[in-house]
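Accompanying notes for the structure given below.
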Amino acid sequence: MSEDTPLAGYPVSQSQMRTLAVRITDDLRAQLDVIAQLNSRSVTEEIRIALEAWVETSKSDPSVLKRAESVRADIEREAETKRNAIAAIFGGSGTTAAPKGRAKAVEA
Numbered sequence: 554m555s556e557d558t559p560l561a562g563y564p565v566s567q568s569q570m571r572t573l574a575v576r577i578t579d580d581l582r583a584q585l586d587v588i589a590q591l592n593s594r595s596v597t598e599e600i601r602i603a604l605e606a607w608v609e610t611s612k613s614d615p616s617v618l619k620r621a622e623s624v625r626a627d628i629e630r631e632a633e634t635k636r637n638a639i640a641a642i643f644g645g646s647g648t649t650a651a652p653k654g655r656a657k658a659v660e661a
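Numbering (the numbering used here), first residue to last: 554 to 661.
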C-alpha cells in the first residue's frame, strides 16, 4: 500500500496533502514501525490516522473550546479595528463615523 493510498472506512480529504517532518525518539519510531506492520499500513498512514483522531478529540475538549472562543473574540476585535481604520481612511460602510473635520467626498 502506498503512503498516499486512502484507507477503507476513512474519509478522503479533498485538500492537497502536505509533508510534515516530526522528530521522535528511536524507541517511539520502533514501536510505530511495529504497529504499522501489524496493521498492514505505512508509518505515514498510522501517523495520519492518529493525528486525525487527536484533532477530533481536541474539537470536543472543553479547554480547547474555551480557548477557541477567546481567540475568535480576539480576531473579531482586531477585524473591527481594521474595518474602522479603513473606513476612517477611505470612508465607506465602517461602523464608526469619519473623523471630525473631514467631509465625505461627494460623487458627481
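For each residue, glycine too, the CB sits at the ideal point set by N, CA and C.
Exposure of residue i, with buried meaning 16 or more beta-carbon neighbours within 10 Å
i: residue 609; result: exposed
i: residue 625; result: exposed
i: residue 630; result: exposed
i: residue 582; result: exposed
Segment limits, alpha helix (DSSP H) that includes residue i
i: residue 587; result: 579–591
i: residue 595; result: Residue 595 -> no alpha helix (DSSP H), and no H or E assigned at all.
i: residue 627; result: 615–643
Straight-line Cα distance separating residue j from residue i
i: residue 637; j: residue 603; result: 43 Å
i: residue 642; j: residue 632; result: 15 Å
i: residue 727; j: residue 627; result: There is no way to answer for residue 727, as the model of the chain reaches only from 554 to 661.
i: residue 587; j: residue 607; result: 20 Å
i: residue 614; j: residue 634; result: 30 Å
i: residue 619; j: residue 567; result: 29 Å
i: residue 639; j: residue 621; result: 27 Å
i: residue 569; j: residue 601; result: 14 Å
Beta carbon of residue i nearer than 8 Å to that of residue j
i: residue 599; j: residue 589; result: yes
i: residue 596; j: residue 585; result: yes
i: residue 617; j: residue 611; result: yes
Sequence-distant residues of the same chain with beta carbon closer than 8 Å to residue i, five excluded per side
i: residue 577; result: 585
i: residue 580; result: none
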